[in-house]
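There are 4 protein chains.
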Amino acid sequence: MLGYFGPKGTFTHQALRTVSDDEAIAFPSVRAALDAVRTGEVRAAVVPIENSVEGGVSATLDELIAGSPLAIIGEIVIPVEFGLYAREELRLEDIRQVLTHGHAAAQCREWLATHLPNANITEAGSTAGAAAEVSRPDSHYDAAVSARVAGRLYGLTELAYQIEDNPGAVTRFVLVGRPGPLPGRTGADKTTLVAYMREDHSGALLEILQQFAVRGVNLSRIESRPTKTTLGSYCFSIDAEGHAHDRRMAEALEGLHRICPTVHFLGSYPRADKVRPSIGIGFSDAEFDEASAWVQGLDRETVTRD
Amino acid sequence: MLGYFGPKGTFTHQALRTVSDDEAIAFPSVRAALDAVRTGEVRAAVVPIENSVEGGVSATLDELIAGSPLAIIGEIVIPVEFGLYAREELRLEDIRQVLTHGHAAAQCREWLATHLPNANITEAGSTAGAAAEVSRPDSHYDAAVSARVAGRLYGLTELAYQIEDNPGAVTRFVLVGRPGPLPGRTGADKTTLVAYMREDHSGALLEILQQFAVRGVNLSRIESRPTKTTLGSYCFSIDAEGHAHDRRMAEALEGLHRICPTVHFLGSYPRADKVRPSIGIGFSDAEFDEASAWVQGLDRETVTRD
Amino acid sequence: MLGYFGPKGTFTHQALRTVSDDEAIAFPSVRAALDAVRTGEVRAAVVPIENSVEGGVSATLDELIAGSPLAIIGEIVIPVEFGLYAREELRLEDIRQVLTHGHAAAQCREWLATHLPNANITEAGSTAGAAAEVSRPDSHYDAAVSARVAGRLYGLTELAYQIEDNPGAVTRFVLVGRPGPLPGRTGADKTTLVAYMREDHSGALLEILQQFAVRGVNLSRIESRPTKTTLGSYCFSIDAEGHAHDRRMAEALEGLHRICPTVHFLGSYPRADKVRPSIGIGFSDAEFDEASAWVQGLDRETVTRD
Amino acid sequence: MLGYFGPKGTFTHQALRTVSDDEAIAFPSVRAALDAVRTGEVRAAVVPIENSVEGGVSATLDELIAGSPLAIIGEIVIPVEFGLYAREELRLEDIRQVLTHGHAAAQCREWLATHLPNANITEAGSTAGAAAEVSRPDSHYDAAVSARVAGRLYGLTELAYQIEDNPGAVTRFVLVGRPGPLPGRTGADKTTLVAYMREDHSGALLEILQQFAVRGVNLSRIESRPTKTTLGSYCFSIDAEGHAHDRRMAEALEGLHRICPTVHFLGSYPRADKVRPSIGIGFSDAEFDEASAWVQGLDRETVTRD
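Chains as they are written, first to last, in the numbering used here: chain A, 1 to 306; chain B, 1001 to 1306; chain C, 2001 to 2306; chain D, 3001 to 3306.
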């Protein structure tokens, strides 16, 4: 059984559907979804990690490192696309009352102003809740702006799709499980971690980055975050290209472990975009092996004699 | 006239109150608030920039650098504290129906479970909207969880305060105006910018950070952000300690301008926490002046003669 | 009047000849030659700085920074080529006694073994002294191995030239004067300095190098040297590509001056090889000017009004 | 049998005496001494590596990496002290003719000017040769300035000692053998290598240094040297604190091997000064082992189940 940060019909729900069509449990918060993984109530859960329309993002990183350890085992990227959903086929000019979440209204502002200039937009607690309300036969709302998954879930008719003002936006989710054997290497993997610095000096971030750079590991995301324990102290949330089974990544992780007071390893898992990183000269596993062999060979067995 | 990302009664509204008690205009989105600054409808606007309960944060950085230039001219930090508000004094055990936003419900989950174990929690579009609804004499909701500013705004009675599960959290806002003379130096200033890198290579971030490090400028926040134009390309959103009038910061900005294809300077302004950064040996204005004089003096006027 | 580290007939003398054909004073040591510049006895002096056959090199750097300041005003590169010189034309097989300095003998070992297998090689105090001795009509030495300048000086006949085993070697000299206006920029210049580090920590050299790297200044030579005052402490002798009048070099020098307890600037002068360095994107004078103008412009004069 | 860069009576000979009192072979050049190690004629040889009075130093590094591999197996540091030696006890005022090498004369200039103001100083091919000449009963030289070892070797009487103008100078030698098992770790070791860079770009040296810095390895000497194959190309001769059996050094060597086209490892051996380096937090062998164990443990064996 899988879980997700609900309610039903959100983009998170849509992300979950890309992983499994089985029944899944919606949880009211990221923490609740992750705690259900921790207790074993669900095997894994889908939670938003970047740019989510429905919020919960900054909570996710914090919750992942609070409590007993969890592991990111997959990544899901979903286009942020909104549709207009009604109980039945309707002409746009007949729509008077639209229900949706404030963020969705903001992201579809231009489309709504152009196509529904006379409609009244009312804010709901979530886009999914708006779709649910519109599905009630006696609702006085004509249509909802929501994710497609919500329109389908509540048996609504899609009147328009991709009505967001900025097409091409995506939002990112992770599938979180309990620690266990890492997902196998695919050659297009990502490693997520949170590294704490020893003290708040200007060089700390440089030292952390150099641990990656000298081993040829590129980062695809870095974000400083205030630590909760010390005022004015920071940690860094990092996505690095590669898998902990890659020699360059393993050595970089060892380096971080030595120079940082704490490193939370949050998982190595396949990238959603399946892009394979270019590996610079000197940083392949074969070159790491060859270098180790060279150093071993410096201590030659043939004894120097008189 | 000032503006802010509304609606009335949010933490952003509370942040605005720390700057001015005059009437202000609430805008339905961060973009709308910033566009009103651009058009001159308002002199400046308060928008969330970090950790906001009500969302809008990631939008803020994007909106600041879209359209015509804006300038951050102040920073406001607000504790994230929730209260329970009703139309009149009530005993907690008599509360049956509570209305609030989903994020607020999540952040007060433990308090609500302990003190209102039998209450029904309903999600509203915003905490401010919840307070507005509760203020209606005929509302069937007994109480709202919201910011204090909303409770006061709607004439509600505060039944409890600081009911959040994680005390001590803060959220950060900025006051945004049109570009003009920079706010004067206070010695406890912050500079915000977005630096684009020339290409997606592992060393780009290091090169950007070294421009600061070699001039002794500490960073208080860094965040990589995908650029919209090129897939897989990044820019960096940075808060640095100091003012563009500090010589070390001015030289670092010049350095960034030379190595980055684009640098968006978003302002130098007083830090909300009034903490003065420690300036390392060699990085004070006096030391910059002294070094310039030394280099000038290398070209001695006394001519060498036979 | 110029001076040089003598005696007459050495490679240093040969280097001096590339600068001036006028009479010049030979000094018995690098210190003596430099002190003569300091006292004004000579206008400038030629001394070896790298790879000299006749020694004196490591002394040169030390002597340049001891005593009152001096300035390198030119660089001279000389091929290390030896010839075989006799009082008159001789067949090689008739040569029995060869006189030369030990280093020259070592560098021509193979040629001497091949062409003069039966000759007896005797060590003199210098190659020039050997040529002088051979020029005496009653000398019992048949030939000298020396620089061409010595052969000519003592009126000897050149029996063979370029007899060194490793052709292509060069040795480098500098022309040293008293501080004054720097030689003008040629676009192919070099700057020499000695930078002391604040303490013996592993990062000191990196910090010094980054002062150059962030301004796009390449180094063409770096050498750590023990300082005389503190056991286990080091300074760095550096040749950097460019002139102190180049903006990138001036800013790098300012940076060094701020982070190092002492920087000895030893001069900017034309490179002997006339090679113009490639200047990376962002590091030309024009780009420095443009960046300064940009930072100035951040503080816009147009006042923001209500 | 050991060899050394002769002749007898030099500081190199004196350095050899600190290693062995057995008979040893003097070779006329550094190359000859090292080739004798290569061919097995001698087991090991002592050659100068830094600041030698008698020259041969820059040759040593070049010769070490030319031909078949050699290994530095020990380091010897000798104070540069000169004495005045005569056939018998003499009053200083009776000395008229002094013989010595030009460098020694330069280094004792002040003493000679003060104590032997009327003596005539003649240059010999070496200080040792000067002592040999003075030891001849019919020599018309009264005294020689040389190393003590030469005075003793030729049965001379020491009239004065430590007559050098700059007391405290030292010169450094290495004991070179054929590659074999590395000398055991003492905790106060040094590793010598020559690293070639991939191309002549400003970042190459920084990249090499960072390989050491991220593993907490300090350098005690660095020197850029032109490579013979490509004009304008450089390699770096480096002494690093620690032993190839130290985990931090082994990993740094592996890193260099991966990023450099060529690395000549020249040996790990006990430091002459027996100073133990301070090892920063995170860089001890125990911490390397602990970090490796941590990374191993990321791949937990307990399988996550439904």
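Even for Gly, the Cβ is constructed at its ideal location relative to N, Cα and C.
Since the structure is predicted, the reported quantities are computational estimates derived from the model, not experimental observations.
Sub-7 Å separation of residue i and residue j beta-carbons
i, j, result
"residue 1060/B", "residue 1100/B", "no"
"residue 1295/B", "residue 1249/B", "no"
"residue 2078/C", "residue 2169/C", "no"
"residue 145/A", "residue 193/A", "no"
"residue 2966/D", "residue 3068/D", "Any answer about residue 2966/D is impossible in this case: the structure gives chain D only from 3001 up to 3306."
"residue 2179/C", "residue 1172/B", "no"
"residue 2095/C", "residue 2116/C", "yes"
"residue 110/A", "residue 165/A", "yes"
"residue 3098/D", "residue 3121/D", "yes"
Cβ-based neighbour list, residue i, same chain, cut-off 6 Å, excluding 5 preceding and 5 following
i, result
"residue 3305/D", "For residue 3305/D, the predicted model reports a pLDDT of 37, less than 50, meaning its position is unreliable; a value from the coordinates is still stated below. Cβ neighbours of residue 3305/D beyond the five flanking positions: none."
"residue 2123/C", "2102"
"residue 3063/D", "3030, 3031, 3034"
"residue 3261/D", "3196, 3198"
"residue 3225/D", "3235, 3237"
Of the listed residues the options, nearest to residue i (C-alpha basis)
i, options, result
"residue 1209/B", "222/A, 198/A, 107/A", "222/A"
"residue 2197/C", "2013/C, 2132/C, 2178/C, 2264/C", "2264/C"
"residue 2152/C", "2018/C, 2203/C, 2008/C, 2001/C", "2008/C"
"residue 1045/B", "1207/B, 1246/B, 1262/B, 1174/B", "1174/B"
"residue 91/A", "68/A, 142/A, 66/A, 240/A", "142/A"
"residue 236/A", "195/A, 266/A, 258/A, 242/A", "195/A"
"residue 2207/C", "2180/C, 2164/C, 2256/C, 2239/C", "2256/C"
"residue 2185/C", "2040/C, 2073/C, 2154/C, 2025/C", "2073/C"
"residue 2135/C", "2225/C, 2036/C, 2086/C, 2017/C", "2086/C"
"residue 2104/C", "2049/C, 2125/C, 2280/C", "2125/C"
"residue 3281/D", "3203/D, 3050/D, 3213/D, 3049/D", "3213/D"
Cβ separation of residue i and residue j, assumed to be a contact under 8 Å, to the nearest whole Å
i, j, result
"residue 1191/B", "residue 1244/B", "6 Å"
"residue 1081/B", "residue 1161/B", "7 Å"
"residue 11/A", "residue 147/A", "5 Å"
"residue 2176/C", "residue 2071/C", "7 Å"
"residue 3246/D", "residue 3220/D", "The Cβ separation is near 15 Å, so there is no contact."
Residue-chain proximity (residue i, chain A), Cβ-Cβ < 7 Å
i, result
"residue 3293/D", "no"
"residue 1279/B", "no"
"residue 3241/D", "no"
"residue 1132/B", "no"
"residue 3225/D", "no"
Own chain partners of residue i with C-beta closer than 7 Å, once the 5 adjacent residues on each side are dropped
i, result
"residue 215/A", "248, 251, 252, 283"
"residue 3188/D", "3270, 3271, 3274, 3275, 3276"
"residue 3254/D", "none"
"residue 1242/B", "1189, 1191, 1217, 1248, 1249, 1277"
Proximity test, Cβ basis, 7 Å: residue i and chain C
i, result
"residue 1184/B", "no"
"residue 3297/D", "no"
"residue 1181/B", "yes"
"residue 3222/D", "yes"
"residue 3125/D", "yes"
Proximity test, Cβ basis, 7 Å: residue i and chain B
i, result
"residue 29/A", "yes"
"residue 2072/C", "no"
"residue 2105/C", "no"
is_contact[residue i, chain D] using C-beta, thresh 7 Å
i, result
"residue 187/A", "no"
"residue 282/A", "yes"
"residue 250/A", "yes"
"residue 145/A", "no"
Chain-order list of residues whose beta-carbon lies under 8 Å from that of residue i (same chain, five-residue window excluded)
i, result
"residue 2290/C", "none"
"residue 3022/D", "3001, 3002"
"residue 1293/B", "none"
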